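>
Numbering (my numbering), first residue to last: 205 to 355.
1. Which partner residues of residue 213 appear in the DSSP bridge assignment?
2. Below 8 angstroms between beta carbons: does that hold for residue 278 and residue 303?
3. State the Cα-Cα distance for the pair residue 308 and residue 314, rounded to the nearest angstrom.
4. Can you tell which of 232, 226, 257 and 290 has the C-alpha that lies nearest to the C-alpha of residue 216?
5. Kindly indicate which three-state DSSP category residue 224 falls into: helix, strand or coil?
6. Is residue 248 helix, strand or coil by DSSP?
7. Kindly list the residues whose CB is nearer than 6 angstroms to the CB of residue 312, restricted to its own chain and excluding five residues on each side of it in sequence; keep chain order.
8. For residue 355, which of helix, strand or coil comes out of DSSP?
9. Determine, using beta carbons only, whether residue 212 and residue 266 come nearer to each other than 8 angstroms.
10. Considering only C-alpha positions, which residue in the set 226, 310, 342 and 225 is nearest to residue 214?
11. Quick check on DSSP: helix, strand or coil for residue 306?
12. Should residue 301 and residue 282 be called a contact, given that it needs their Cβ atoms to be closer than 8 angstroms?
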């Protein structure tokens, strides 16, 4: 039985397309799977899950799990969310549950990114700045930093 596809929320489809690398050199990620993995990691870190509602039926279409460089990220997020090792069972029902959890965190992460990247012409620089600041925050968790202070 084929694995469930990872859907992209219709209201986030344009952003996902913008974050994917294009022939003109714009975009940050090589594949839609990479965009969703990054977004899910951000959503999970900030505990932001958002149900999909309507999902994109055209470009970008649903992403096959086989297209993810490391499908274990889907499993890791699912087990961390549920604290139930049975979520890793190899059957269609639990596969759908894992994908739904991943999709909701990816959608939440895309919401966070859309707020951070709103109105930015060059999302690469802003995204790199976000990553740098997250790393700094982990190293020095004594002081909160507001990204808007730089602008």
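Here a beta-carbon is modelled for each residue, glycine too, at the ideal position from N, C-alpha and C.
Here the structure is a predicted model, which is why all the values come from computation and not from measurement.
Concretely, from the data shown:
1. For the purposes of this step, residue 213 is taken as the residue at position 9 of the chain shown. Residue 213 is bridged to 259.
2. Walking along the chain shown from the start, residue 278 turns up at place 74. Walking along the chain shown from the start, residue 303 turns up at place 99. Yes, the pair counts as a contact, with Cβ atoms nearer than the cut-off.
3. Indexing the chain shown from 1 puts residue 308 at position 104. Indexing the chain shown from 1 puts residue 314 at position 110. Roughly 10 angstroms separates the two Cα atoms.
4. Here residue 216 refers to the residue found at position 12 when the chain shown is read from its first residue. Residue 216 has its Cα closest to that of 257, out of 232, 226, 257 and 290.
5. As a first step, residue 224 is located in the chain shown; it is residue number 20 there, counting from the start. Reduced to three states, the DSSP call for residue 224 is strand.
6. Position 44 of the chain shown, counting from 1, holds the residue named residue 248. Residue 248 falls in the helix class under three-state DSSP.
7. Translated into positions along the chain shown, residue 312 becomes position 108. If we look at residue 312 and ignore the five residues flanking it on each side, its Cβ neighbours are 247, 252, 253 and 254.
8. As a first step, residue 355 is located in the chain shown; it is residue number 151 there, counting from the start. Caution applies to residue 355, whose pLDDT of 46 falls short of 50 and renders its modelled position unreliable; the value that the coordinates give is listed next. In the displayed model, residue 355 falls within coil according to three-state DSSP, outside both helix and strand.
9. By one-based count along the chain shown, residue 212 stands at place 8. By one-based count along the chain shown, residue 266 stands at place 62. Yes, Cβ-Cβ distance for residue 212 and residue 266 is below 8 angstroms.
10. In the chain shown, counting from the first residue as 1, residue 214 sits at position 10. Closest by alpha carbon: 310.
11. Translated into the one-based positions of the chain shown, residue 306 becomes position 102. Of the three classes helix, strand and coil, the one that applies to residue 306 here is helix, per DSSP.
12. Taking the first residue of the chain shown as position 1, residue 301 is located at position 97. Taking the first residue of the chain shown as position 1, residue 282 is located at position 78. With contacts defined as CB atoms closer than 8 angstroms, residue 301 and residue 282 qualify as a contacting pair.
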